[in-house]
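For the sequence shown, our numbering puts the final residue at 556, and the numbers step up evenly by one.
Using N, Cα and C, we set each Cβ at its ideal position, and we do this for glycine too.
Before any comments, here is the structure.
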Amino acid sequence: MTKGKRIISGTMNWGVWGKQLDTSSMAELIASCVEHGVLTFDHADIYGGYSTEAEFGKAFLETKIPREDLYFISKCGIQFSNNSSPILLNYYNYSKDYIVAQVENSLQNLQTDFLDLLLLHRPSPLMQSDDINAAIYQLITQGKIKAFGVSNFTSSQIDLIQESHPIVYNQIECSLLHYLPLYDGTLDYLTKNKIGVMAWSPLGKYFTNHDNKRKRIKKALIPLMEKYEAEEDELLLAWLMHHPAQIHPVIGTTKIGRIKKSVRVIKIQMEEIDWFSLLVASQGHEMP
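Below, the structure is given as structure tokens:
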């Protein structure tokens, strides 16, 4: 990902699932992201009950920003039940025809001829590698996607479907509060196989939960805030980005101030003793 740098703007909460931004406000947010160097936008077909991509597309056209300056990600595979859909329950669909159709819908909604990256949103117990690879081959050959990745996949699930086209990213849940990928082999596998890592919910539930883990982390952050002249959210991101896997945080905020702070995080060089002090605080016990 050369255009998008390290910080990714997640759009899940831009529409009816969150801030309900109108076209003008969304266009202003896109332009502000670009102004501060955030050039990558993370989508999924289901966001906003299948409405947010189209709203973003209208706003994108309003900005007049050249498409080649930006990096668009979208996801498919979840069939989502809502008021506008006859589907009675959420389930997963990775048939060739469905993948191709959803990408074509995303292209139309986002007002673009191609996606820089397509991710399979969540693994399905019924997914068949032949169907997936046939769809990806067709979409890449037609120039409708530039690259292919997954989201929330385990290493064995990646091995199952990775055949003719390399998987270049896995978007996973990872944060100081959800550090399991550091220990369960996920980050080791992705690093060894040169698969990039994106992290959704990179702050965890730090600002919504007030349990003992959060209290321990907050106590550990206080001296570091003074040392690095940074706020809590900046240090949480700096901790995540210090990992050798070169993790790309997907930032869900719609506040320009927080986007600016997120970009500043790249310059924080956290010392290893401070990194471990935060991990120990989150774990609730010393390193063995």
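Of all C-beta pairs linking the region 413-428 to the region 386-402, three or more are shorter than 8 angstroms, placing the two stretches in contact. If you draw a straight line from the Cα of W285 to the Cα of T320, it comes to about 9 angstroms. Between L505 and R526, the alpha-carbon positions lie close to 12 angstroms from each other.
Boundaries of the beta strand (DSSP E) harbouring L387: L385 to L388, taken from the DSSP string.
Contact between D310 and S277 holds, with the beta-carbon distance rounding to 7 angstroms and staying under 8 angstroms.
Distance from the Cα of Y318 is smallest, within the candidate group L297, V302, Y339 and K343, for K343.
For T331, the closest of H446, K483 and S300 by C-alpha to C-alpha distance is S300.
Rounded to the nearest angstrom, the Cβ distance from Y437 to M395 is 18 angstroms, too far for a contact under 8 angstroms. Inter-residue distance for T454 and S419 is about 12 angstroms (C-alpha atoms, whole angstroms). Note that the region 332-340 touches the region 371-384; at least 3 beta-carbon pairs, one per stretch, sit closer than 8 angstroms.
The region 509-523 makes no contact with the region 487-494: fewer than 3 CB pairs, one atom from each, lie closer than 8 angstroms. Taking one beta carbon from each stretch, the region 529-547 and the region 471-481 have fewer than 3 pairs nearer than 8 angstroms; the two do not touch. Here W507 is actually not in contact with L458; their C-beta atoms are around 18 angstroms apart, not less than 8 angstroms. Where N438 is concerned, the enclosing beta strand (DSSP E) starts and stops at I435 to E441. The criterion of a C-beta distance shorter than 8 angstroms is not satisfied by T521 and L289.
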